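Taken in order, the sequence shown gives residues 23 to 183; the numbers are from my numbering.
Positions of the beta carbon are idealized from the N, C-alpha and C atoms, including for glycine.
Small disclaimer: the values here were computed from a predicted structure and weren't measured.
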Amino acid sequence: MRRVSGFTLIELLVTVAVLAILATVAVPGFQSLVASNRIVADTNTLISGLHLARSEAVKRRAPVRFNPETEQPWGFSIVDNDGQVISQHRYDHGATQLSASAASIEFNALGRAPGCEARECSVTLTPSNDSVRGKRLSVESSGRVTNEDASKQDDYDEPGE
Numbered sequence: 023m024r025r026v027s028g029f030t031l032i033e034l035l036v037t038v039a040v041l042a043i044l045a046t047v048a049v050p051g052f053q054s055l056v057a058s059n060r061i062v063a064d065t066n067t068l069i070s071g072l073h074l075a076r077s078e079a080v081k082r083r084a085p086v087r088f089n090p091e092t093e094q095p096w097g098f099s100i101v102d103n104d105g106q107v108i109s110q111h112r113y114d115h116g117a118t119q120l121s122a123s124a125a126s127i128e129f130n131a132l133g134r135a136p137g138c139e140a141r142e143c144s145v146t147l148t149p150s151n152d153s154v155r156g157k158r159l160s161v162e163s164s165g166r167v168t169n170e171d172a173s174k175q176d177d178y179d180e181p182g183e
């Protein structure tokens with residue numbers, strides 16, 4: 023009698039069961055990874071938008087505003103001094119929420135944001151997945167953009183205290 027090569031039904035069922043167990047362990051970690059990557063991508067997009075607004079203000083030698091739009095779908099627009107839209111972005115993936123401390127952030131012809139004091143102009147991304155930390159982008163009056171975890175508290179004392 024000739025020997026037939028292949029899988030038996032028992033071997034196939036055991037393999038499928040092992041794969042199912044591995045998948046139930048791996049999927050929650052993968053979802054956290056995807057949510058973390060989404061926050062990083064959205065943060066980088068906002069940083070690019072702030073840098074674009076600043077560079078357009080310097081290039082045009084006129085004020086340019088970065089307008090965060092927190093309603094779903096959230097996004098932002100970059101508008102020149104005459105109200106013309108330079109750039110506009112919308113995100114409808116629902117994985118993050120946007121909040122802002124100011125209705126707009128204005129950069130002047132020198133690339134500075136004179137309306138922004140320490141921590142006054144900030145944009146915060148909050149993930150829908152609780153296992154991932156949100157990000158806060160703060161714009162200093164010099165025009166510099168800083169990026170930190172949204173849950174991080176200020177670790178400096180106010181002058182005069």
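By the criterion of at least three beta-carbon pairs nearer than 8 Å, the segment 106 to 114 is not in contact with the segment 158 to 166. For H73, the enclosing alpha helix (DSSP H) covers residues L31 to R82.
Going by DSSP, N169 is part of the beta strand (DSSP E) stretching over V167 to D171. Between the segment 82 to 89 and the segment 116 to 131 there are three or more C-beta pairs closer than 8 Å, enough to call the two in contact. Beyond the five residues adjoining it in sequence on each side, D114 comes within less than 8 Å, by CB distance, of Q94 and P95 in the same chain, given in chain order. Setting aside the 5 residues that flank it on each side, S164 is surrounded in the same chain by R134 and A135, each with a C-beta closer than 8 Å to its C-beta; the list follows chain order. Only buried fits I61, as 16 or more other CB atoms lie within 10 angstroms of its CB.
Annotation for S27: no beta strand (DSSP E) segment contains it, and DSSP assigns it neither H nor E. Here L147 is near L68, since their CB atoms are less than 9 Å apart. A direct Cα-to-Cα measurement between L34 and I43 gives close to 14 Å. Residue state for Q94 is assigned as coil, using DSSP reduced to three classes. For the options G71, I32 and K81, the alpha carbon positioned closest to that of I100 is the one of G71. In this structure P149 does not touch T168 by the C-beta definition: roughly 19 Å separates them, more than the 8 Å allowed. For L132, the three-state secondary structure derived from DSSP is coil.
The beta carbon of L74 is closer than 8 Å to those of I100, I108 and S109 in its chain, skipping five residues each way along the sequence.
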